[in-house]
Amino acid sequence: MRLQALPAFDDNYIWAWIGDGGRALIVDPGQAEPVLAAAGQGLVPEAVLLTHHHGDHIGGVPELLARWPELPVLAPDDERIDAATARIGGGDTGELLGRSFEVLAIPGHTRSHIAFHFKGDDPLLFCGDTLFSLGCGRMFEGTPAQMLASLDRLAALPGGVRVCCGHEYTLANARFAAAVEPGNAALAARSAEAAALREQGRPILPSTLAQERAANPFLRVDEPAVKATIAQRLGREPEGRIETFAELRLWKDGFRA
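Numbering (the UniProt record's numbering), first residue to last: 1 to 257.
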């Protein structure tokens, strides 16, 4: 199968995972136009997978259903997503295009956010706006404890899993990560790789979970260097990993560099 990132809006990615005959899984189509354009080149949507209810992730679904009325739409159990044909949640499993997947509940960015983890050869994680390369999503509907638990859940997956997130924020996230952990060699390598890919006009994503565990500060709240940086900001030792994470996210919310 072939993975394709379809750009949408300013920095969204609609993911298309394409198998034989152009049959494809479409993840978080906030706009219909990129999918329809790909269909003109032979893509045939097999199913739509939605990670959460935000409009930039679901806005294109009605137009896709107008074109393909029988198209399955797998979505979280959330009344704000009215185009779903199947409601799924953490612990559910299934198979699409011959690939087995499990659903992970990852609340924090939104209360009903889920991720799709496809196993086997070339494992993939479609994680919406919870985990970004070198960053994580804002907490619109969740608590720091919820978001950290969700990130822990994702970080526990095998290192070879490719991380397919919903936005291209890598370079901005790299600048923040360098402020948190300036001596991290893996972070420097990932940042250089990302900058080179951008200069070549190539997608920076996906990354891998191994890369994220080595360089993403939001997955590294237990690392001494990260805790030391947060202690310096607080003027005291953080009371635990949840406070370390909460301060990291608060700092990132207002970070400019």
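Glycine included, every Cβ here is placed at the ideal spot set by N, Cα and C. Since this is a predicted model, take the numbers as computed values, not measurements.
Euclidean distance between Cα positions of residue i and residue j
{"i": "ARG256", "j": "ALA174", "result": "12 Å"}
{"i": "GLY128", "j": "GLY166", "result": "5 Å"}
{"i": "PRO72", "j": "HIS109", "result": "25 Å"}
{"i": "ILE242", "j": "GLY55", "result": "29 Å"}
{"i": "ASP121", "j": "PRO224", "result": "34 Å"}
{"i": "LEU134", "j": "VAL161", "result": "15 Å"}
Residue i classed as buried or exposed, judged by whether at least 16 other C-beta atoms fall within 10 angstroms
{"i": "THR130", "result": "buried"}
{"i": "PRO69", "result": "exposed"}
{"i": "GLY21", "result": "exposed"}
{"i": "LEU104", "result": "buried"}
{"i": "GLU237", "result": "exposed"}
First and last residue of the uninterrupted beta strand (DSSP E) at residue i
{"i": "ILE26", "result": "23-27"}
{"i": "VAL163", "result": "162-165"}
{"i": "LEU125", "result": "124-128"}
{"i": "ASN12", "result": "12-18"}
Span of the alpha helix (DSSP H) around residue i
{"i": "GLN200", "result": "Counting along the chain, GLN200 falls outside any alpha helix (DSSP H), and DSSP gives it neither H nor E."}
{"i": "ASN173", "result": "170-180"}
{"i": "LEU153", "result": "The sequence given here has Arg at residue 153, not Leu. That run of the alpha helix (DSSP H) goes 144-155."}
Same chain, Cβ closer than 7 Å to residue i, neighbours up to 5 away in sequence not counted
{"i": "LEU171", "result": "ALA194, ALA195, ARG198"}
{"i": "GLY60", "result": "PRO29, GLY30, GLN31, ALA32, VAL35"}
{"i": "GLY94", "result": "PHE101"}
Beta carbon proximity, residue i to chain C, threshold 9 Å
{"i": "GLY159", "result": "Among the protein chains of the structure shown there is no chain C, as only one such chain exists."}
Close-in-space but distant-in-sequence residues of the same chain around residue i (CB under 8 Å, 5 per side omitted)
{"i": "GLU212", "result": "LEU131, SER133, LEU134, ALA155, VAL163, LEU219"}
Beta-carbon contacts of residue i that lie in its chain and below 6 Å, excluding the five residues immediately before and after
{"i": "PHE118", "result": "ARG99, PHE101, LEU124"}
{"i": "ALA75", "result": "LEU50, ILE81, ALA84"}
{"i": "GLY159", "result": "LEU209, ALA210"}
- Query: Where are the alpha helix (DSSP H) runs, 4 residues long or more, that stay fully inside the region 29-113, in chain order?
  - Reply: Complete alpha helix (DSSP H) runs here, min 4: 33-39, 55-58, 61-67.
- Segments of 4+ residues assigned as alpha helix (DSSP H) that fall wholly inside the region 198-243: The alpha helix (DSSP H) runs lying completely inside the region 198-243 and spanning 4 residues or more are 209-215, 224-234, given in chain order.
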